[in-house]
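The numbers in the numbering used here rise by one with no breaks, and the one at position 34 of the sequence shown is 78. Note that CB positions come from ideal geometry on N, CA and C, so glycine has one too.
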Amino acid sequence: MEQVLDWLTKIGQVVIKYLPANYVNMLDRTLPVWAIGLGAAVIMAFMLKLITSMIFKIILWGALIIIFLIILQSFDVPIFDMITNIGK
C-alpha cells in the first residue's frame with residue numbers, strides 16, 4: 045500500500061509541476077498530492093483504454109477490408125487492377 049501511495053504521489057507531483065499556474069492555484073490545498081496522482085492515473089488508464097480500443101478497431105476493419113478485397117478477387121473481379129489504375 046505504501047508503494048502505491050508513493051507512486052501516486054510522484055504522479056501527483058509531476059501533474060502539479062506541469063500544470064499551468066492558474067490551474068494549480070485553483071486546486072484545493074487540503075487535497076493530498078496522491079489524490080491528484082490518483083485522478084491523473086484514472087484519466088491515463090481511461091485514455092489508454094480508448095486508444096487501445098481505437099487501434100484494435102482500425103486493425104480489425106483493415107483486415108476485414110483486405111479479406112473482402114481478396115474474396116472479390118477470387119470471383120474474378122479485378123479490384124486490385126482497378127485500385128492501381130485509379131491515378132492513371
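Item                                                                                                                                               : Value
Tell me the rounded alpha-carbon separation between proline 64 and tryptophan 105.                                                                 : 39 Å
Less than 7 Å between C-beta atoms, sequence neighbours within five positions excluded: which residues of the same chain meet that for leucine 52? : Trp78, Gly81, Leu82 and Ala85
Could you check where the alpha helix (DSSP H) with phenylalanine 112 kicks off and where it finishes?                                             : 77-118
With 16 other CB atoms within 10 Å as the buried threshold, where does valine 59 fall?                                                             : buried
Taking only three categories from DSSP, how would you classify asparagine 129?                                                                     : coil
Where does valine 121 fall in DSSP's three states?                                                                                                 : coil
Is the Cβ-Cβ distance between isoleucine 30 and leucine 108 less than 8 Å?                                                                         : An answer regarding residue 30 cannot be provided, because it is not within the stretch 45 to 132 covered by the chain.
Given this structure, state the Cα-to-Cα distance separating leucine 116 from leucine 94, to the nearest angstrom.                                 : 33 Å
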